[in-house]
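**Q**
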Amino acid sequence: MIETGADGRTWLLSGPRSSYALRLTEHDELLHLHWGPQITLADAEALAAEPLPPARPFESALDGREEYPVEGGPRFVPPALSVRGGGVRGTEWRYRNAAADEDELQLHFFDPVHQLRITLVYRLRGDVIERQVVLVHEGRFGTSEVELLREDPATWTLPARDRWRLSQLHGRWAAESRLVRADLTYGEQVIGSRRGHTGHHHLPWVALDAGEATEESGEVYSCALAWSGSWRVSVHRLPDGTVQITGGSGHDGSGQHLLAPGTAVVTPVFAGLWTDGGFGGASRAWHAYQHAHVIPDAGTPRPVLYNSWEATGFDISEGQQRKLARRAAALGVELFVVDDAWFGERVSDRAGLGDWTPNPDRFPGGLGPLADEVHGLGMRFGIWVEPEMVNPDSDLYRAHPDWVQHQHGRTRTEFRNQLVLDLTREDVRAHLWRRLDGLLSSAPVDYVKWDFNRPFTDVGRPGAAYPQGLWSGHTHALYDLLDRLRQAHPDVAFESCSGGGGRIDLGILSRTDQVWTSDNTDPLDRLAIQHGFSQLHPARVMAAWVTDSPNTQLNGRVSSLCFRFVSAMAGVLGIGGDLTRWTEGELAEARDWVALYKEIRPVVQLGDLYRLRPPGDGLSAVQYVRGDDSVVLAWLRAQAYGEEPAPVRLRGLDPAAAYVCPDTGETYRGAVLLHRGLRTGLTGDLDAAVFRLRRV
Ligand code: GLA
0 MIETGADGRT WLLSGPRSSY ALRLTEHDEL LHLHWGPQIT LADAEALAAE PLPPARPFES
60 ALDGREEYPV EGGPRFVPPA LSVRGGGVRG TEWRYRNAAA DEDELQLHFF DPVHQLRITL
120 VYRLRGDVIE RQVVLVHEGR FGTSEVELLR EDPATWTLPA RDRWRLSQLH GRWAAESRLV
180 RADLTYGEQV IGSRRGHTGH HHLPWVALDA GEATEESGEV YSCALAWSGS WRVSVHRLPD
240 GTVQITGGSG HDGSGQHLLA PGTAVVTPVF AGLWTDGGFG GASRAWHAYQ HAHVIPDAGT
300 PRPVLYNSWE ATGFDISEGQ QRKLARRAAA LGVELFVVDD AWFGERVSDR AGLGDWTPNP
360 DRFPGGLGPL ADEVHGLGMR FGIWVEPEMV NPDSDLYRAH PDWVQHQHGR TRTEFRNQLV
420 LDLTREDVRA HLWRRLDGLL SSAPVDYVKW DFNRPFTDVG RPGAAYPQGL WSGHTHALYD
480 LLDRLRQAHP DVAFESCSGG GGRIDLGILS RTDQVWTSDN TDPLDRLAIQ HGFSQLHPAR
540 VMAAWVTDSP NTQLNGRVSS LCFRFVSAMA GVLGIGGDLT RWTEGELAEA RDWVALYKEI
600 RPVVQLGDLY RLRPPGDGLS AVQYVRGDDS VVLAWLRAQA YGEEPAPVRL RGLDPAAAYV
660 CPDTGETYRG AVLLHRGLRT GLTGDLDAAV FRLRRV
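Position 237 (the sequence shown) corresponds to 236 in numbering that gives the first Met the number 0; numbering is contiguous.
1) Please confirm whether residue 581 and residue 564 have their CB atoms less than 8 Å apart.
2) Return helix, strand or coil for residue 277, following the three-state DSSP convention.
3) Return helix, strand or coil for residue 539, following the three-state DSSP convention.
4) Judging by CA-CA distance, which residue of 547, 183 and 216 is the nearest neighbour of residue 207?
5) How many angstroms separate the CA atom of residue 328 from the CA atom of residue 544?
6) Determine the direct distance from the alpha carbon of residue 350 to that of residue 257, and round the result to whole angstroms.
7) Please return the same chain residues whose Cβ sits closer than 6 Å to the Cβ of residue 187, not counting the five positions on each side in sequence.
8) Please tell me whether residue 658 and residue 695 are closer than 8 Å, where the distance is taken between their beta carbons.
9) Using 10 angstroms around the beta-carbon of residue 337, count the other beta-carbons present and answer buried if the total reaches 16, otherwise exposed.
10) When the Cα atoms are used, what is the spatial distance from residue 627 to residue 693?
11) Output the boundary residues of the alpha helix (DSSP H) element that contains residue 320.
12) Tell me where the alpha helix (DSSP H) around residue 591 begins and ends.
13) If you count every other CB in all the chains shown that lies within 10 Å of the CB of residue 66, and 16 or more means buried, which is it?
14) Just the C-alpha distance for residue 568 and residue 380, rounded to the nearest angstrom, thanks.
15) Can residue 452 be considered in contact with the ligand GLA, in the sense that its beta carbon sits closer than 7 Å to one or more heavy atoms?
16) Excluding sequence positions up to five away, which residues of its chain have a Cβ less than 7 Å from the Cβ of residue 487?
17) Give the list of continuous beta strand (DSSP E) stretches no shorter than 3 residues that lie fully inside the stretch 231-283.
18) With C-beta atoms as the reference, is residue 273 less than 8 Å away from residue 17?
19) Would you call the stretch 191-201 and the stretch 530-539 touching, i.e. three or more CB-CB distances under 8 Å?
20) Tell me which same chain residues have a C-beta within less than 8 Å of the C-beta of residue 374, skipping the five on either side of it?
21) Within 10 Å of its beta-carbon, does residue 50 have 16 or more other beta-carbons around it, so buried, or fewer, so exposed?
22) Taking just the CA atoms, how far does residue 484 sit from residue 521?
23) Quick one: is the Cβ of residue 339 within less than 7 Å of any heavy atom of the ligand GLA?
24) Within 8 Å, do at least three Cβ pairs link the stretch 170-183 to the stretch 244-264?
25) How many angstroms separate the CA atom of residue 267 from the CA atom of residue 33?
26) Looking at the ligand GLA, does it come within less than 7 Å of residue 518, judged from the CB to the closest heavy atom?
27) Counting along the chain, where does the beta strand (DSSP E) carrying residue 2 start and finish?
28) Kindly give me the distance between the Cβ atoms of residue 150 and residue 132, rounded to whole angstroms, as I take these residues to be in contact under 8 Å.
29) Could you please give me the residues that DSSP links to residue 81 through a beta bridge?
30) Suppose contacts are defined by Cβ-Cβ distances below 8 Å. Is residue 92 in contact with residue 75 by that definition?
31) By how many angstroms is the C-alpha of residue 414 removed from the C-alpha of residue 406?
32) Can you tell me whether residue 710 sits near the ligand GLA, meaning its C-beta is under 7 Å from at least one heavy atom of the ligand?
33) Measure the alpha-carbon distance for residue 556 versus residue 608 and round it to whole angstroms.
34) Helix, strand or coil: how does DSSP classify residue 404 here?
35) My output table needs one value for residue 91: the three-state DSSP class, helix, strand or coil.
36) Report the rounded CA-to-CA distance for residue 290 versus residue 501, giving the unit in angstroms.
Quick look at the structure:
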């Protein structure tokens with residue numbers, strides 16, 4: 000609900016549990032009043048009536064209080080908006096008007112020098128507020144262009160507290176989304192990506208608490224950016240203890256773009272959430288938001304998939320894939336995905352990227368015959384592509400060496416022997432559309448794993464005027480391509496992959512169906528990655544595979560099939576091991592795990608997540624609750640001699656109800672499970688179990 004004060008200059012936005020208030024002064028300064036528990040319009044107006052603090056030497060009364068600090072004037076905080084034009088820097092706006100309905104508020108401002116209309120948009124999505132900015136150059140043809148250096152969708156302002164603690168998700172390739180929490184000192188802490196994709200190094204999310212929140216209690220402020228290119232989020236603690244978080248697309252120096260007269264730009268969404276249910280409550284609210292407003296068709300659970308990448312690498316053939324498909328189908332797999340190396344001269348990572356036609360030696364009749372067999376086995380059929388890239392050793396590059404990002408007289412830097420196509424070129428976009436649309440029309444493809452395996456380095460387009468807008472233009476072109484493909488092929492599902500979890504954010508999640516969480520499929524390492532991932536994103540999009548033991552891809556760790564399955568069952572289950580080498584006993588066990596997963600899948604993928612115990616040295620566990628059903632997954636890393644792991648206290652149950660486990664028939668008291676806890680019976684090293692509970 001959105002309410003407007005009597006003088007039309009105070010606004011109150013209220014979600015089911017939270018409120019957000021702002022005030023426009025008579026000098027057209029837009030001040031932040033409140034973000035936290037629900038308040039009334041009278042409360043907001045009382046806050047609005049408080050005067051700004053008295054002027055102090057060397058201080059701006061506006062700093063830390065403004066909704067959207069622009070560059071210029073008496074402001075010294077990191078600006079959310081930074082523009083140049085006609086030799087004038089910064090912004091000085093005049094308020095025009097506001098428009099509000101049930102769940103959206105738009106505030107329109109105008110800078111007469113730049114002829115720039117600035118619209119701040121607030122959209123209520125439960126307790127999540129989506130913020131976005133629209134910039135329109137209203138100048139007549141011939142007026143000077145406006146250069147946009149920084150155009151953040153939002154600055155989020157937190158109240159003054161004695162202490163602030165910052166939670167963030169950091170990592171690197173094969174070790175993504177690991178949670179760290181540390182005190183915030185004064186000044187700016189900046190995270191982001193200068194790589195052209197979201198990156199493995201930080202998920203675009205931060206959470207702040209006053210040092211007192213726990214998993215299940217306390218105030219938590221969190222923000223997440225919906226953008227899949229370079230980005231920057233700055234968390235700034237001011238001298239008075241307030242915190243401002245400003246973030247958006249583009250890294251400093253990436254040279255954004257020019258806004259010509261008569262054109263407009265819409266920023267990505269930077270969403271914010273206040274909750275008082277601890278970190279767990281914040282995660283559940285983010286998950287609910289993504290289910291309701293971000294993820295396409297989120298109410299439909301994702302199928303169990305098989306992917307042979309770890310088993311076969313680049314050495315693939317139709318016969319081998321058919322054999323694997325038969326084994327996978329016998330396990331109950333529902334989607335069979337052919338990964339890399341089905342196309343062009345792609346027998347290693349040195350060649351073939353860009354040539355999206357089936358390799359004739361490997362697939363003499365194209366992909367159709369394999370797809371038909373996979374369908375005949377009752378599974379859906381998927382393929383891997385990496386459309387934004389090209390190997391220099393490819394027909395595409397030989398025909399169009401100028402189609403890659405590069406600069407005159409500079410080295411074309413290769414990572415994994417590949418270059419990045421310049422998607423801001425109309426001819427490149429048209430080519431990709433034709434190839435991908437053709438591919439999806441030529442064979443019955445139900446699923447596309449869309450990869451991106453190197454960062455940007457040589458961002459340039461010879462001949463194009465500066466700034467060339469390649470950094471953000473690439474991401475817009477990617478979104479556009481995905482949107483068009485989804486529209487033309489509505490039954491095809493897409494997975495976002497970037498060497499594992501290098502492109503995971505709310506922007507890509509609004510146009511893909513799941514993400515490849517990490518190239519690290521070690522079931523123990525995965526627990527920490529999944530713990531971090533779950534802070535923001537739900538299990539419904541978190542792909543996880545059971546692979547071979549010892550782990551062939553990375554660390555050689557030996558683990559039981561049980562431990563590997565229970566680890567992967569915390570998300571969208573997949574299998575990625577070499578099934579031709581699994582014993583009859585292993586295949587039979589795997590069949591049972593897949594059958595069990597299908598039974599718990601609606602609870603895992605669509606239920607509420609409770610992180611019961613974080614991954615560590617001993618026992619860790621998560622729980623999912625959906626209606627009367629609950630599922631607990633528990634893992635024991637190592638047991639100290641003679642020490643039985645403590646019972647795990649469950650959440651989200653009715654203390655007055657009884658719960659039965661359909662596997663053992665055992666009955667439990669809700670109150671006992673909540674207070675004393677569930678005895679897992681796990682022993683030894685790397686043990687794991689699944690517990691199902693149904694309310695009687
Ligand atoms: C990336 C992906 C892997 C696999 C390979 C194929 O590394 O993350 O899952 O698809 O590419 O080359």
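We put the beta carbon where it would ideally sit given N, CA and C, even for glycine. The structure presented is a predicted model; accordingly, all values stated were derived computationally and were not measured.
**A** According to the structure data:
1) no
2) helix
3) helix
4) Of 547, 183 and 216, the residue nearest in Cα terms is 183.
5) 16 Å
6) Pairing residue 257 with residue 350, the inter-Cα distance amounts to about 37 Å.
7) Same-chain partners within the cutoff: 233 and 235.
8) yes
9) buried
10) 6 Å
11) 317-330
12) Annotation for residue 591: the continuous alpha helix (DSSP H) segment containing it runs 583-605.
13) buried
14) 21 Å
15) yes
16) 436, listed in sequence order.
17) 242-248, 256-258, 263-265 and 269-274
18) In this structure, residue 17 lies closer than 8 Å to residue 273 by Cβ.
19) In this structure the stretch 191-201 does not touch the stretch 530-539; the number of beta carbon pairs closer than 8 Å is below three.
20) A distance below 8 Å between beta-carbons, with the five flanking residues on each side excluded, links residue 374 to the following residues of its chain, in chain order: 380 and 443.
21) exposed
22) A direct Cα-to-Cα measurement between residue 521 and residue 484 gives close to 33 Å.
23) yes
24) no
25) 23 Å
26) yes
27) 1-3
28) 6 Å
29) 149
30) no
31) 17 Å
32) No statement about residue 710 is possible, as the shown extent of the chain runs from 0 to 695 and does not include it.
33) 28 Å
34) If DSSP states are grouped into helix, strand and coil, residue 404 belongs with coil.
35) coil
36) Their backbone Cα atoms lie some 21 Å apart in a straight line.
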